[in-house]
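What follows is a short report on a single structure.
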Amino acid sequence: MISVIIVEDDPIFRDMLLDMLPKAIVKTNLLATCATIRQAKEAIEKQQPQLILLDVELPDGKGMDLLNHYDEVGTFETIFITSYDKYAIDAIKKNAADYIVKPAKQDELNVALQKVKKRLETYSILLKVEELTTYVDKLKQQNLQENKIMINTNEGAIFVKVRDIIKLESESNYTILYLENNKKIIASKTLSVFEDMLEPLNFLRVHRSFVINLTKIKNIDSESGNYLANMSDNSKVEISRRKKKEFFEKIAYNA
């Protein structure tokens, strides 16, 4: 059963959703209905829903403002239900599960809820250490990290084995590389440069400030509604809400 909050200011469309949810193929538990972003924030903090049914235009702002507020925190999925189709690209960038143009139909809601259910099932599977270990082992078997890369530092250029990199952290216009054996290098390039270089090699930017080596994940924790990747050096890196879907799918479907 998926816990849901409805964020919709129009009483007619809100009543339509209230009528459709109990009839949906995927079972849901309605936690709250909200007419404003302020109410939605209060409900999210209190209820910790798995899913938000979100309108785009609200009396005190746009639904995108709400997602921007929770860009790096919060784990809820989103289905947009709106009268406007012009925000669909923005919704995709925010990893929304689906985008429904009003008036919503029962079959459209069914399909959208099934997408959310599939995502949640994937997250649940990979929270199990034995399942995650299987996927990580498959990533290692791809042997994509055997080469070295050149790192420019203030002391000059050095070469680092890709497989020795555990994670990378943004530090202004510099990047800190955390390596095996507690080694650390400060590189004179931004994190985005390394992201482009390393992403094809089973690395992923999981947060505004971090790129991690997916083969160095020991397990994934869920704490207070947030997901954390526990790395081989025993550090923890938060997986932002915006990157959560991509993170889990890259492990589950690329392995």
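In this note's numbering, the protein residues as written are -9 to 245. Where is the CB? At the ideal position from N, CA and C, for every residue including glycine.
Beyond the five residues adjoining it in sequence on each side, Met221 comes within less than 7 Å, by CB distance, of Ile156, Lys157, Ile202, Lys206, Ile207, Lys208, Val227 in the same chain, given in chain order. For Val201, no alpha helix (DSSP H) segment is defined; the enclosing uninterrupted segment is the beta strand (DSSP E) at 200 to 203.
Between Leu103 and Ile34, the C-beta spacing is not below 8 Å.
Across the set Pro190, Asp186, Phe149, the C-alpha of Phe149 shows the shortest separation from the C-alpha of Ile176.
Taking C-alpha positions only, Gln132 is separated from Asp50 by approximately 49 Å.
Lys130 and Ile166 have their C-alpha atoms some 23 Å from each other. 8 Å or more divides the Cβ of Tyr77 from the Cβ of Val126. Counting along the chain, the unbroken beta strand (DSSP E) around Thr18 starts and ends at 18 to 24. Non-local beta-carbon contacts of Ser199 in its own chain, meaning distances under 7 Å to residues more than five positions away in sequence, involve Glu159, Ser160 in chain order. At a Cβ-Cβ threshold of 8 Å, Lys174 and His197 do not count as neighbours.
The shortest C-alpha to C-alpha distance from Ile71 to any of Leu7, Thr18, Ile(-8) is the one to Leu7.
One thing to note: Ile(-4) has its Cβ within 8 Å of the Cβ of Thr23. If you compare the alpha carbons of Arg195, Asn171, Glu170 with that of Ser182, the shortest gap goes to Arg195.
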